[in-house]
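Going down the list, the sequences are from chains A and B. First residue of the first sequence? That's 1 in our numbering, and the numbers climb one at a time after it. First residue of the second sequence? That's 116 in our numbering, and the numbers climb one at a time after it. Here a beta-carbon is modelled for each residue, glycine too, at the ideal position from N, C-alpha and C. From a predicted model like this one, the values you see are computed outputs, not experimental measurements.
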Amino acid sequence: DAGVTQSPTHLIKTRGQQVTLRCSPKSGHDTVSWYQQALGQGPQFIFQYYEEEERQRGNFPDRFSGHQFPNYSSELNVNALLLGDSALYLCASSPRNRGRSDEQFFGPGTRLTVL
Amino acid sequence: DAKTTQPPSMDCAEGRAANLPCNHSTISGNEYVYWYRQIHSQGPQYIIHGLKNNETNEMASLIITEDRKSSTLILPHATLRDTAVYYCIVRVVGNAGNMLTFGGGTRLMVKP
Chain A
1 DAGVTQSPTH
11 LIKTRGQQVT
21 LRCSPKSGHD
31 TVSWYQQALG
41 QGPQFIFQYY
51 EEEERQRGNF
61 PDRFSGHQFP
71 NYSSELNVNA
81 LLLGDSALYL
91 CASSPRNRGR
101 SDEQFFGPGT
111 RLTVL
Chain B
116 DAKTTQPPSM
126 DCAEGRAANL
136 PCNHSTISGN
146 EYVYWYRQIH
156 SQGPQYIIHG
166 LKNNETNEMA
176 SLIITEDRKS
186 STLILPHATL
196 RDTAVYYCIV
206 RVVGNAGNML
216 TFGGGTRLMV
226 KP
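Given below as structure tokens:
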């Protein structure tokens, strides 16, 4: 059973460019969350997708957008990249069963460097 | 979600128990205590969670004080592979969203 997978593993972009990161959730999971982790800090919640809609959003600007596909995979898009967007981007998946542990499974992340 | 306070770093000798404290004095009655850890260059990994009773699984034990204002994660026999950043998070289970709010965590260094 494959866990959460993310692609690419590393990415280098320049300021002003746009980037798309991809995530495939763990088998049986239908909810995908995205987090940004700057160097030396804990992950910060960006947004969560369920049933192909954004359900929750953290304190991130509209330059950050996402999408969820019918197979539950997800994309994170960042427009007009800034140097401060350099970070590890983590995807986490979970089943939407209420009353369960709500344990989230994280992928290995995509390391984005903006020059 | 309630805020947590953890020491920024701790050391532990290999083979000894690692006791990681967490203060969550503003925790609400319906909030659970969760622990995740993040080994270098990997995504966070779920360890354990609890509401008010002590919990144990194959990875660790969670001790929650009676007033629920603090807790301790115990790794009974720490190994070098337990070197990681450990995050204590309090949150409601089963609400409309299940976002995790990470603080700075505790950097545990297990030494030979």
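- Scanning A:35, A:74 and A:14 for the CA closest to the CA of residue 59 (chain A) turns up A:35.
- In this structure residue 202 (chain B) does not touch residue 3 (chain A) by the C-beta definition: roughly 19 Å separates them, more than the 8 Å allowed.
- By the rule that beta-carbons nearer than 7 Å mark a contact, residue 161 (chain B) touches chain A.
- Contact between residue 130 (chain B) and residue 193 (chain B) holds, since their C-beta atoms are separated by about 7 Å, short of 8 Å.
- For residue 69 (chain A), not one C-beta of chain B is nearer than 7 Å to its own C-beta.
- Scanning B:160, B:215, B:183 and B:184 for the CA closest to the CA of residue 175 (chain B) turns up B:160.
- Beta bridge pairing from DSSP links residue 19 (chain A) with A:78.
- Counting C-beta pairs closer than 8 Å gives fewer than three between the segment 49-67 of chain A and the segment 121-129 of chain B, which falls short of the contact rule.
- Under the three-state reduction of DSSP, residue 66 (chain A) is assigned to strand.
- Setting aside the 5 residues that flank it on each side, residue 67 (chain A) is surrounded in the same chain by 75, each with a C-beta closer than 6 Å to its C-beta; the list follows chain order.
- In the DSSP assignment, residue 221 (chain B) falls within the beta strand (DSSP E) that extends over 221-226.
- In the DSSP annotation of this structure, the continuous segment of the beta strand (DSSP E) that includes residue 47 (chain A) starts and ends at 44-50.
- In this structure, residue 81 (chain A) keeps its C-beta atom at 7 Å or more from the C-beta atom of residue 6 (chain A).
- For residue 52 (chain A), not one C-beta of chain B is nearer than 7 Å to its own C-beta.
- In summary, residue 196 (chain B) is exposed, with fewer than 16 beta-carbon neighbours lying within 10 Å of its beta-carbon over all protein chains present.
- For residue 56 (chain A), the nearest beta carbon of chain B is closer than 7 Å to its own beta carbon.
- Membership of residue 40 (chain A) in any beta strand (DSSP E) is not indicated, and neither H nor E is assigned to it by DSSP.
- A residue is called buried when at least 16 other Cβ atoms come within 10 angstroms of its Cβ; residue 156 (chain B) does not meet this threshold and is exposed.
- Between the alpha carbons of residue 13 (chain A) and residue 37 (chain A) lies a gap of roughly 17 Å.
- Proximity of residue 64 (chain A) to chain B, defined by a Cβ-Cβ separation below 7 Å, is not satisfied.
- Counted as a single uninterrupted DSSP element, the beta strand (DSSP E) harbouring residue 126 (chain B) occupies residues 124-128.
- When the beta-carbon positions are compared, residue 89 (chain A) and residue 113 (chain A) stay at least 7 Å from each other.
- Counting only runs that start and end inside the segment 122-193 of chain B, the beta strand (DSSP E) elements of at least 3 residues fall at 124-128, 133-138, 146-153, 160-165, 176-179 and 185-190.
- In the three-state DSSP reduction, residue 196 (chain B) falls in the helix class (H, G or I).
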